[in-house]
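Down below is the structure, laid out as structure tokens.
In the numbering used here, the protein residues as written are 8 to 507.
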């Protein structure tokens, strides 16, 4: 019996299909920017220009550029680039798949201009994605032609002595949102921007704008620095993994997904608003933060983490570490606590204590004074929430497996895009207390401009919240939730009739 060798030639259509990802336009552009940071010359700062004019996308950097040998490997599919070029500390990419994926995501034609800092000439290569789809499946189908010149007339590098430029043409998205790109880059490369690297965007009218690091708004003094370590066994030895960053309580609760942790690897955003380390609901929607996990392995286009043993152990560690912050978020979300200075100071002091930190002395003093003032009968008591215009208790909901759920109805001034919503506190961390369903009604919402009986409004919004809570939080089947909601309405109406 013999042995047979099978030559494995991937279909050239791969060049087209690798662009069929769920990458957004900002993420795809960000992938090319990440390549620029990997091309840093020693300790020099990287300057990246993103030109979005004339239905093209150009990403130009002042990195060290590529020699002919390196470019020949870079244009190949899944070549391990670490074998052919020196990668700086914290390099993000390895196999050259990211730029191919992102360029194919952005357009049907792209080209590369590169000028190495070690030679005088410039190299140029182009990829027509539509052409690849018609090529036969054999080795010759992957042939790439590289041009060499002292200077290419159309090169975006112009007179620069070194650097690389990606030029994407036949752009798929004709209406790229500059704001979305700008916002994403400020978030994705926050660490780079904070240490002096720059990203410049050129608008259609030629105006230039600089990307700036993302800015967070959180409750003063609620920020906790993270510096944690855990060990993982790798290759029969223990490896120490280091997690750094910060966490805080956001200045507001969120009805959207914009809370949790932004996870970074080597100063690039891996995952946005991760919530794997706590139970996500309105009561915990104030938890925000950033963590650096350089030990994680990224996906092949450097956005997203691989589900490794390191990630599983890191998650176990962080779940336990976050308990104090989760408790604080739940506490500050209750009954207007966020707008009561004495309650805020109490919660922040407890938070600091949970993490072995000393509360700010001025804050502690203010909290004590507020407490003393509230106990003096001749002084006006601090309002719980200046925007709260109505507070009332509703008929409780009794569930066989969950006990009594107290219901409160809260009216507030303001229009936050929704007419009413709810917060469900299942008291996971408050043993011995009843569960609570809080109804929040925004008085200034246009819906309430229509005349509606106040009692009827309470019943309608509360019954809607009961149904949503049963389905979204307690995992009831829809039919069962409807039945329970209707029973509550009947009970509520009976209470109303009895009191009239």
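No residue lacks a Cβ here, since even glycine has one placed at the ideal position from N, Cα and C.
Asked	Found
If you run the structure through DSSP and keep just helix, strand and coil, what is residue 156?	strand
What first and last residue would you give for the alpha helix (DSSP H) that runs through residue 357?	348–361
With distances taken between CB atoms, is the gap from residue 252 to residue 296 smaller than 8 Å?	yes
With a threshold of 16 other CB atoms inside 10 Å of the CB of residue 127, please say whether the residue is buried or exposed.	exposed
What does DSSP give as the partner residue(s) for residue 83 in the beta ladder?	Residue 83 pairs with nothing; no bridge assigned.
Does the segment 147–158 come into contact with the segment 169–185, if we say contact requires no fewer than three beta-carbon pairs (one atom in each stretch) closer than 8 Å?	no
Is the distance from the Cβ of residue 449 to the Cβ of residue 426 below 8 Å?	yes
Among 182, 139, 294, 153, which one has its Cα closest to the Cα of residue 122?	153
With the cut-off set at 8 Å, would you say residue 293 and residue 402 are in Cβ contact?	no
Any idea what DSSP makes of residue 498, helix, strand or coil?	helix
Applying the 10 Å Cβ sphere with the 16-neighbour rule, what's the burial state of residue 9?	exposed
Buried or exposed for residue 308, going by 16 or more other Cβ atoms inside 10 Å?	Low confidence applies to residue 308: its pLDDT is 46, below 50, so where it sits in the model is not reliable enough to give any reading.
Suppose contacts are defined by Cβ-Cβ distances below 8 Å. Is residue 109 in contact with residue 70 by that definition?	no
With residue 410 as the anchor, note down where its beta strand (DSSP E) starts and where it stops.	410–419
Check each candidate in 336, 256, 78, 117 and name the one with the smallest Cα separation from residue 228.	256
How many angstroms separate the CA atom of residue 243 from the CA atom of residue 316?	14 Å
Assign residue 151 to one of two classes, buried (16 or more other C-beta atoms within 10 Å of its C-beta) or exposed (fewer than that).	exposed
Within its chain, find whatever has a CB closer than 8 Å to the CB of residue 375; leave out the 5 residues flanking it on each side and keep chain order.	Legend: pLDDT at residue 375 = 44, less than 50; position of this residue unreliable, value from coordinates given subsequently. Same-chain partners within the cutoff: there are none.
Alpha carbon to alpha carbon, what distance is there between residue 353 and residue 211?	51 Å
The alpha helix (DSSP H) that contains residue 42, what's its start and end?	32–45
For residue 254, count the other beta carbons within 10 Å of its own beta carbon; 16 or more makes it buried, fewer makes it exposed. Which is it?	buried
With distances taken Cα to Cα, identify the nearest neighbour of residue 161 among 133, 143, 144.	133
Tell me whether the segment 233–240 and the segment 206–222 touch, counting them as touching only if at least three CB pairs, one residue from each stretch, are closer than 8 Å.	no
Identify whether residue 336 lies in helix, strand or coil by the three-state DSSP scheme.	helix
Kindly list the residues whose CB is nearer than 6 Å to the CB of residue 216, restricted to its own chain and excluding five residues on each side of it in sequence; keep chain order.	208
How is residue 181 classed by DSSP in three states: helix, strand or coil?	coil
For residue 495 and residue 473, which I take to be in contact (beta-carbon distance under 8 Å), what is that distance rounded to the nearest angstrom?	6 Å
Leaving out five residues on either side along the sequence, give the residues of the same chain with a beta carbon under 7 Å from the beta carbon of residue 463.	none
Can you name, in chain order, every residue of its own chain whose Cβ lies under 7 Å from the Cβ of residue 336, other than the five neighbours on each side?	256, 290, 291, 293, 294
Given residue 199, which residues of its chain have a CB within under 7 Å of its CB, disregarding the five upstream and five downstream residues?	44, 274
How far does the beta strand (DSSP E) with residue 250 in it extend, from its first residue to its last?	244–256
Apply the 10 Å Cβ neighbour rule to residue 191 and answer buried if 16 or more other Cβ atoms are within range, or exposed otherwise.	buried
Compare the Cα-Cα distances from residue 468 to each of 73, 359, 444 and report the closest residue.	444
Residue 135 to residue 67, Cα distance in whole Å?	20 Å
Assign residue 340 to one of two classes, buried (16 or more other C-beta atoms within 10 Å of its C-beta) or exposed (fewer than that).	buried
Would you kindly work out how many angstroms separate the C-alpha atoms of residue 39 and residue 33, rounded to a whole number?	10 Å
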